[in-house]
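Heads up: take any position in the sequence shown, counting from 1, add 117, and you land on our numbering.
Where a beta carbon is used, it is the ideal one built from N, C-alpha and C, also for glycine.
Below: the structure, in structure tokens.
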Amino acid sequence: AMEKVRAAGLLRTQGLIGGKWVDAYDGKTLEVQNPATGETLANVSCMGSKETSDAIASAHSTFYSWSKLTANERCKALRKWHDLIISHKEELALLMTLEQGKPMKEALGEVTYGASFIEYFAEEAKRIYGDIIPPTLSDRRLLVLKQPVGVVGAITPWNFPLAMITRKVGPALACGCTVVVKPSEFTPLTALAAADLALQAGIPAGAVNVVMGNAPEIGDALLQSTQVRKITFTGSTAVGKTLMAGSANTVKKVSLELGGNAPCIVFDDADIGVAIKGSLAAKFRNSGQTCVCANRILVQEGIYEKFASEFIKAVQSLKVGNGLEESTSQGPLINEAAVQKVEKFINDATSKGANIMLGGKRHSLGMSFYEPTVVGNVSNDMLLFREEVFGPVAPLVPFKTEEDAIHMANDTNAGLAAYIFTKSITRSWRVSEALEYGLVGVNEGIISTEVAPFGGVKQSGLGREGSKYGMDEYLELKYICMGNL
Ligand code: ADP
Numbered sequence: 118a119m120e121k122v123r124a125a126g127l128l129r130t131q132g133l134i135g136g137k138w139v140d141a142y143d144g145k146t147l148e149v150q151n152p153a154t155g156e157t158l159a160n161v162s163c164m165g166s167k168e169t170s171d172a173i174a175s176a177h178s179t180f181y182s183w184s185k186l187t188a189n190e191r192c193k194a195l196r197k198w199h200d201l202i203i204s205h206k207e208e209l210a211l212l213m214t215l216e217q218g219k220p221m222k223e224a225l226g227e228v229t230y231g232a233s234f235i236e237y238f239a240e241e242a243k244r245i246y247g248d249i250i251p252p253t254l255s256d257r258r259l260l261v262l263k264q265p266v267g268v269v270g271a272i273t274p275w276n277f278p279l280a281m282i283t284r285k286v287g288p289a290l291a292c293g294c295t296v297v298v299k300p301s302e303f304t305p306l307t308a309l310a311a312a313d314l315a316l317q318a319g320i321p322a323g324a325v326n327v328v329m330g331n332a333p334e335i336g337d338a339l340l341q342s343t344q345v346r347k348i349t350f351t352g353s354t355a356v357g358k359t360l361m362a363g364s365a366n367t368v369k370k371v372s373l374e375l376g377g378n379a380p381c382i383v384f385d386d387a388d389i390g391v392a393i394k395g396s397l398a399a400k401f402r403n404s405g406q407t408c409v410c411a412n413r414i415l416v417q418e419g420i421y422e423k424f425a426s427e428f429i430k431a432v433q434s435l436k437v438g439n440g441l442e443e444s445t446s447q448g449p450l451i452n453e454a455a456v457q458k459v460e461k462f463i464n465d466a467t468s469k470g471a472n473i474m475l476g477g478k479r480h481s482l483g484m485s486f487y488e489p490t491v492v493g494n495v496s497n498d499m500l501l502f503r504e505e506v507f508g509p510v511a512p513l514v515p516f517k518t519e520e521d522a523i524h525m526a527n528d529t530n531a532g533l534a535a536y537i538f539t540k541s542i543t544r545s546w547r548v549s550e551a552l553e554y555g556l557v558g559v560n561e562g563i564i565s566t567e568v569a570p571f572g573g574v575k576q577s578g579l580g581r582e583g584s585k586y587g588m589d590e591y592l593e594l595k596y597i598c599m600g601n602l
């Protein structure tokens with residue numbers, strides 16, 4: 118598989134600074150491993166603050182030319198980048214499956230999804246409208262301009278190695294910003310390949326820079342720079358808080374997509390087939406490693422037994438294996454630490470009275486494979502209820518009334534995605550409005566799209582990605598008053 122990627126010229130292992138592929142200045146490298154096999158895929162440059170400073174300087178000097186282009190010119194370059202990603206769909210998907218573990222089918226889906234942000238924001242580049250405000254004095258004219266914020270620092274996680282980058286870099290470039298990207302150290306290869314395609318598309322040297330290695334050092338360099346005007350981050354809530362605090366000193370704009378704790382509420386009046394299909398997809402996509410994955414499946418008493426038995430059957434049909442195999446629907450977890458976290462949550466739940474209905478242990482394939490698991494009778498004192506498990510574990514939580522369900526769903530500091538299953542229109546409105554979440558799926562388990570705003574409330578984050586609203590994160594408003602006409 119790696120041969121295909123290499124043959125396409127997409128196996129990049131150096132950082133990208135000012136359009137040049139560069140080693141870490143001290144020559145250090147870090148290993149990128151295949152989580153399904155443990156094999157080393159590549160050794161990539163392990164960079165730190167010096168390289169980051171140079172990347173910032175390059176982004177800063179390119180900002181002046183890139184932001185001066187017409188929207189049409191930026192649109193064309195972005196459009197070309199989109200097309201190159203699509204024409205290298207297979208190689209990018211292979212790379213993603215190799216370094217991240219997700220099944221090929223999901224990886225191919227992510228390439229299309231990831232590319233869609235670039236296409237969408239290429240189009241939006243042409244729609245950065247200002248305003249003319251009716252004046253309060255007759256000899257004045259009042260105007261509002263939208264201008265790019267400047268250099269953007271984008272820090273991204275490993276669970277969507279491509280899409281988390283394109284949905285930040287797409288709108289940033291469309292608005293006229295330039296970017297320093299720091300991908301996850303677990304999945305830098307997809308990021309580097311995508312950056313290579315950006316260069317090939319004619320996006321100017323210095324508009325997109327990529328550094329990876331020592332995350333805190335790179336993060337600090339981005340935070341301390343007065344030239345970096347914006348930090349956009351997807352990852353853990355803990356790191357998000359550090360970045361937000363660290364942005365205070367230079368008063369940067371901040372967008373954060375942090376952890377979720379998604380409730381998936383199945384009411385007695387749900388269409389059971391729709392509810393099973395939707396909750397299965399919402400839970401087990403990417404082996405449960407997404408921030409919108411159903412983390413708690415709340416099931417109303419009247420349907421609990423029936424739902425549990427049919428859900429278990431559906432989970433039994435999932436096929437665990439290496440993502441490169443055609444039949445695989447569940448890849449490995451990203452690493453050993455992820456498996457240990459799942460084990461800790463399971464032990465906590467069983468010690469407090471939950472029952473394992475299916476799975477509940479490491480998979481016989483070894484490595485970081487874990488059995489798709491269903492846990493019954495989960496309650497609000499368990500880690501499985503309180504925190505994101507980020508693995509293939511579906512906790513079932515029984516509830517009595519609609520009010521109880523809303524209360525349980527909102528009983529968390531997170532507020533990203535929520536799902537409800539009901540055939541009642543009135544209930545779907547009531548519950549959707551009562552849920553303290555940024556996204557709500559009604560009778561749907563997979564709802565993300567480039568055209569709709571994605572983002573959380575409470576400690577799940579700040580700002581929105583995707584959609585026309587996603588542009589605002591990279592724009593400043595300027596008010597111009599023309600007087601004495
Ligand atoms: P996850 O649990 O999804 O790995 P993290 O928040 O640890 O979430 O990682 C998300 C991204 O944040 C990764 O690119 C990681 O390298 C980066 N990161 C981790 N710690 C820091 C830090 N102190 N400063 C900047 N970036 C960091």
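- The alpha carbon of LYS436 has as its nearest neighbour, out of ALA511, GLU427, GLN447, the alpha carbon of GLN447.
- Judged by DSSP secondary structure, ASP256 falls outside any alpha helix (DSSP H); it is assigned neither H nor E.
- Its chain contains GLY377, GLU553, TYR554, GLY555, GLY573, VAL574, LYS575, GLN576, SER577 as the residues whose beta carbon lies nearer than 8 Å to that of GLY532, once the 5 sequence neighbours on both sides are disregarded; these appear in chain order.
- A straight line joining the alpha-carbon of ALA239 with that of LEU340 spans about 28 Å.
- By the neighbour-count definition (other C-beta atoms within 10 Å, threshold 16), MET599 is an exposed residue.
- Spanning the alpha carbons of LYS369 and THR354 requires a straight line of approximately 18 Å.
- For ARG123, there is no enclosing beta strand (DSSP E); the residue is part of the alpha helix (DSSP H) that begins and ends at 119 to 124.
- Between LYS145 and ASN160, the alpha-carbon positions lie close to 9 Å from each other.
- The Cβ atoms of LYS347 and VAL269 sit closer than 8 Å to each other.
- Restricting attention to beta strand (DSSP E) runs no shorter than 3 residues, the stretch 369 to 452 encloses them at 370 to 374, 379 to 383, 411 to 417, ordered along the chain.
- Annotation for THR273 indicates a beta carbon within 7 Å of some heavy atom of the ligand ADP.
- By the Cβ neighbour-count rule, LEU254 is exposed, with fewer than 16 other Cβ atoms within 10 Å of its own.
- Looking at the backbone, the Cα of GLY508 and that of GLY126 are separated by about 33 Å.
- As computed with DSSP, PHE538 is found in a beta bridge with VAL383.
- By a beta-carbon distance limit of 8 Å, ILE429 contacts MET474. Their separation comes to about 6 Å.
- Taking the Cβ atoms as the reference, LEU579 lies roughly 21 Å from GLN264, outside the contact range of under 8 Å.
- In this structure THR349 does not touch LYS394 by the C-beta definition: roughly 33 Å separates them, more than the 8 Å allowed.
- Runs of the alpha helix (DSSP H) lying entirely within the stretch 250 to 291 and spanning at least 4 residues: none are present.
- Not a single heavy atom of the ligand ADP lies less than 7 Å from the C-beta of LEU533.
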